[in-house]
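K.L.:
I am attaching a structure below and will ask some questions about it afterwards.
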Amino acid sequence: MKTCCSLAALFVAGAAAQVQGIHYVSLEPPAAVTARRGSEVEVPLRFLIRGGHHINSNHPAEDYLIPTALTWTPGALTPKGVGYPKPESVKYEFSEKPLLVWSGGIVLTSKFAVAGDAPLGPGKLSGKLRYQACNDRACFPPKTLEVSVAVTVQ
Amino acid sequence: MRLRFLAATALLVALGAGCSSTTAAKGDKVRKPAPNFTLQDASGNTVKLSDYKGKVVLLDFWATWCGPCKIEIPWFMEFQRKYKDRGFTVLGVSMDEGGWQVVKPFAEEFKMNYPVVLGNDETGTAFGGVEVLPTTFIIDKQGRIVVTHQGLTGKDEMEKTIEDLL
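Residue numbers (our numbering), protein chains in the order written: chain A, 2 to 155; chain B, 436 to 601.
Dropping the structure here:
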């Protein structure tokens, strides 16, 4: 631990200005979606959380915490809600009671309705994952990860 | 630029490994001046960092959604009580996007006994980019940065630095 902290200390000055765009969550490349007119389609997306970090669940244990939320821009398909996995309950040194968080990888499954007159052919689903990450000693400002999934309406 | 990028990556790796970081306290001759800023407190009063020249300042970048920050705030309140009459102050810079609407009730609930101002990206950038919360700078009476703590660090270590500077 000491070595690790010494290493970090060596690099602190002037470094953070370069890391504003760094994300703590990434999206595994999603499979293309095929959607039939007049039906509903489920789109599972796997997000990977940087090792040693966690993000709050969609319903955090404390009011002051920022919930994770996946939202979609209405387009050819109509968003009908997102299914979130069950969070882990983890007690950190900085929290009085266990927090409801995710770490590692999570799958969020979004449901879309496809209108009977939806435009045929290729398009894309555009969304945003809003999250706020911490490790057991520090927190990082809220981030928004752009999400895009190729979809073909048949 | 490349070096700065590598430095940023190393910092994040280290923080990602679950440790916090502290720069070694700098000797009198190598301390750099803290960037000045002009921000507002909850009452709309202008607060400049340079107003505190002549005092030892613990400058705390924090946010209401930051769990580790909530551990440190009671320490800082204790420091404020203990050392404010000896030429010391804590100055909190909230980085909450929600502004006073979220910061004011929090400060009241915690009964924060030191000045708090609302920070912005410009303030963060001036201090090298505040990407990690809490980030705490201890500044000497001449307005120079003595030590930087990123993440939850030791209360005793901070208090020793303050006492050495008073």
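The C-beta atom is built at its ideal place from N, Cα and C for all residues, glycine as well.
For Ala-70(A), I'd like the list of residues in its chain whose CB is within less than 6 Å of its CB, leaving aside the five on either flank, ordered along the chain.
P.N.:
What you label residue 70(A) is simply residue 69 of the first sequence in a count that begins at 1. The answer, listed in chain order, is Arg-131.
K.L.:
Grab the span of the alpha helix (DSSP H) containing Ile-597(B) for me, first residue to last.
P.N.:
For the purposes of this step, residue 597(B) is taken as residue 162 along the second sequence, with counting starting at 1. That run of the alpha helix (DSSP H) goes 590 to 600.
K.L.:
Contact criterion: CB-CB distance below 8 Å. Does Ile-50(A) meet it with respect to chain B?
P.N.:
For the purposes of this step, residue 50(A) is taken as the residue at position 49 of the first sequence. Closer than 8 Å: no.
K.L.:
Spell out the partners DSSP gives Phe-496(B) in its beta bridges.
P.N.:
Here the question's residue 496(B) lines up with position 61 in the second sequence. DSSP, once it has assigned bridges, lists Val-528(B), Thr-570(B) as partnering Phe-496(B).
K.L.:
Please state the DSSP three-state secondary structure of Thr-558(B).
P.N.:
The count along the second sequence starts at 1 and reaches residue 558(B) at position 123. Reduced to three states, the DSSP call for Thr-558(B) is helix.
K.L.:
Would you say the stretch 535 to 555 of chain B touches the stretch 573 to 583 of chain B, given that touching needs at least three Cβ pairs under 8 Å?
P.N.:
Too few Cβ pairs lie closer than 8 Å, so no.
K.L.:
Among Glu-557(B), Phe-541(B), Pro-468(B), which residue has its Cα nearest to the Cα of Leu-474(B)?
P.N.:
Numbered from its first residue, the second sequence carries residue 474(B) at position 39. Residue Glu-557(B) is the option with its Cα nearest to Leu-474(B).
K.L.:
Would you call Pro-88(A) buried or exposed, if buried means 16 or more other Cβ atoms sit within 10 Å of its Cβ?
P.N.:
The residue given as residue 88(A) occupies position 87 in the first sequence. It is buried - the Cβ of Pro-88(A) has at least 16 other Cβ atoms within 10 Å.
K.L.:
Does the contact criterion of 3 or more C-beta pairs under 8 Å hold for the stretch 77 to 88 of chain A versus the stretch 112 to 127 of chain A?
P.N.:
They touch, by the three-pair rule.
K.L.:
Looking at chain B, is there any beta carbon in it that lies within less than 8 Å of the beta carbon of Gln-155(A)?
P.N.:
Taking the first residue of the first sequence as 1, we reach residue 155(A) at position 154. No - not a single Cβ of chain B is within 8 Å of the one on Gln-155(A).
K.L.:
Interface residues of chain A around Gly-586(B) at Cβ under 7 Å?
P.N.:
On the second sequence, residue 586(B) is found 151 positions in, with the first residue counted as 1. Correct list: Arg-138, Ala-139.
K.L.:
Using DSSP with H/G/I as helix, E/B as strand and the rest coil, what is Arg-516(B)?
P.N.:
One-based indexing of the second sequence puts residue 516(B) at position 81. Residue state, collapsed to three classes: helix.
K.L.:
Could you tell me whether any Cβ in chain A is nearer than 8 Å to the Cβ of Val-528(B)?
P.N.:
Residue mapping note: residue 528(B) aligns to position 93 of the second sequence, counting from 1. With 8 Å as the cut-off, Val-528(B) does not count as an interface residue toward chain A.
K.L.:
Use the C-beta contact count for Asn-480(B): other C-beta atoms within 10 angstroms, 16 or more gives buried, fewer gives exposed.
P.N.:
Here residue 480(B) refers to the residue found at position 45 when the second sequence is read from its first residue. Answer is exposed; the Cβ neighbour count stays below 16.
K.L.:
Where Trp-73(A) and Phe-496(B) are concerned, what is the direct C-alpha to C-alpha distance, given to the nearest angstrom?
P.N.:
The count along the first sequence starts at 1 and reaches residue 73(A) at position 72. The count along the second sequence starts at 1 and reaches residue 496(B) at position 61. Each residue's Cα considered, the two are about 33 Å apart.
K.L.:
Could you name the residues of the stretch 51 to 68 of chain A whose beta carbon sits closer than 7 Å to any beta carbon of chain B, in the order they occur along the chain?
P.N.:
Here the close residues are Arg-51, Gly-52, Gly-53, His-54, Tyr-65, Leu-66, Ile-67.
K.L.:
Quick test of your reading: Lys-483(B) and Phe-472(B), contact by CB under 8 Å. State the CB separation rounded to the nearest angstrom.
P.N.:
Residue numbering aside, residue 483(B) sits at position 48 when the second sequence is read from its first letter. Residue numbering aside, residue 472(B) sits at position 37 when the second sequence is read from its first letter. With a Cβ gap of about 7 Å, Lys-483(B) and Phe-472(B) count as contacting.
K.L.:
So which residues of chain B does Ser-96(A) contact, with C-beta pairs closer than 8 Å?
P.N.:
The sequence position of residue 96(A) within the first sequence is 95, counting from 1. The answer, in chain order, is Gly-502.
K.L.:
Do you know how far the Cα of Pro-45(A) is from the Cα of Val-565(B)?
P.N.:
The sequence position of residue 565(B) within the second sequence is 130, counting from 1. The sequence position of residue 45(A) within the first sequence is 44, counting from 1. Taking the straight line from one Cα to the other gives about 34 Å.
K.L.:
For chain A, find out if any of its Cβ atoms is closer than 8 Å to the Cβ of Thr-473(B); answer yes or no.
P.N.:
Numbered from its first residue, the second sequence carries residue 473(B) at position 38. For Thr-473(B), the answer is no, since every Cβ of chain A falls outside 8 Å of its Cβ.
K.L.:
For Glu-568(B), would you say it is in contact with chain A, using Cβ-to-Cβ distances shorter than 8 Å as the test?
P.N.:
Residue 568(B) sits at position 133 when you count from the first residue of the second sequence. This sequence places Leu at residue 568(B); Glu is not what is there. Chain A, which has a Cβ nearer than 8 Å to the Cβ of Leu-568(B), makes this yes.
K.L.:
Helix, strand or coil: how does DSSP classify Arg-47(A) here?
P.N.:
Along the first sequence, one-based indexing puts residue 47(A) at 46. Three-state DSSP puts Arg-47(A) in a strand.
K.L.:
Tell me the DSSP secondary structure of Asp-463(B) in three-state form.
P.N.:
Numbered from its first residue, the second sequence carries residue 463(B) at position 28. In the structure shown, Asp-463(B) sits in a helix (DSSP, three-state: H, G or I).
K.L.:
Confirm, please, whether the CB-CB distance from Leu-101(A) to Pro-61(A) is below 8 Å.
P.N.:
As a position in the first sequence, residue 61(A) is number 60, starting the count at 1. As a position in the first sequence, residue 101(A) is number 100, starting the count at 1. Yes. Within cutoff.
K.L.:
Whose C-beta lies closer than 7 Å to the C-beta of Val-581(B) among residues of the same chain, with five residues either side of it excluded?
P.N.:
Your numbering for residue 581(B) matches position 146 in the second sequence. Answer for Val-581(B): Ala-460, Lys-461, Arg-466, Ile-573, Ile-574, Asp-575, Thr-596, Leu-600, listed in chain order.
K.L.:
Do we get a CB-CB distance below 8 Å when we pair Thr-481(B) with the residues of chain A?
P.N.:
Along the second sequence, one-based indexing puts residue 481(B) at 46. No, Thr-481(B) does not count as interfacial toward chain A.
K.L.:
Given a cut-off of 8 Å on the beta-carbon distance, is the pair Gly-559(B) and Met-530(B) in contact?
P.N.:
Taking the second sequence and counting its residues from 1, one reaches residue 559(B) at position 124. Taking the second sequence and counting its residues from 1, one reaches residue 530(B) at position 95. In contact: Gly-559(B) and Met-530(B) (Cβ atoms closer than 8 Å).
K.L.:
Taking Tyr-93(A) as the query, report the chain B residues whose CB atoms sit under 9 Å from its CB, ordered along the chain.
P.N.:
In the first sequence, the residue the question calls residue 93(A) occupies position 92. Simply Gly-502, Pro-503.
K.L.:
Are Ser-104(A) and His-55(A) close, meaning C-beta to C-beta below 8 Å?
P.N.:
Indexing the first sequence from 1 puts residue 104(A) at position 103. Indexing the first sequence from 1 puts residue 55(A) at position 54. Their beta carbons are under 8 Å apart, which means Ser-104(A) touches His-55(A) by this criterion.
K.L.:
My assumption, with CB atoms under 8 Å, is that Lys-125(A) sits in contact with Ser-149(A). Please give the rounded CB distance.
P.N.:
As a first step, residue 125(A) is located in the first sequence; it is residue number 124 there, counting from the start. As a first step, residue 149(A) is located in the first sequence; it is residue number 148 there, counting from the start. Correct: roughly 5 Å between the Cβ atoms.
K.L.:
State the Cα-Cα distance for the pair Pro-540(B) and Tyr-65(A), rounded to the nearest angstrom.
P.N.:
Start at 1 with the first residue of the second sequence, and residue 540(B) comes out as number 105. Start at 1 with the first residue of the first sequence, and residue 65(A) comes out as number 64. Spanning the two alpha carbons is a distance of roughly 11 Å.
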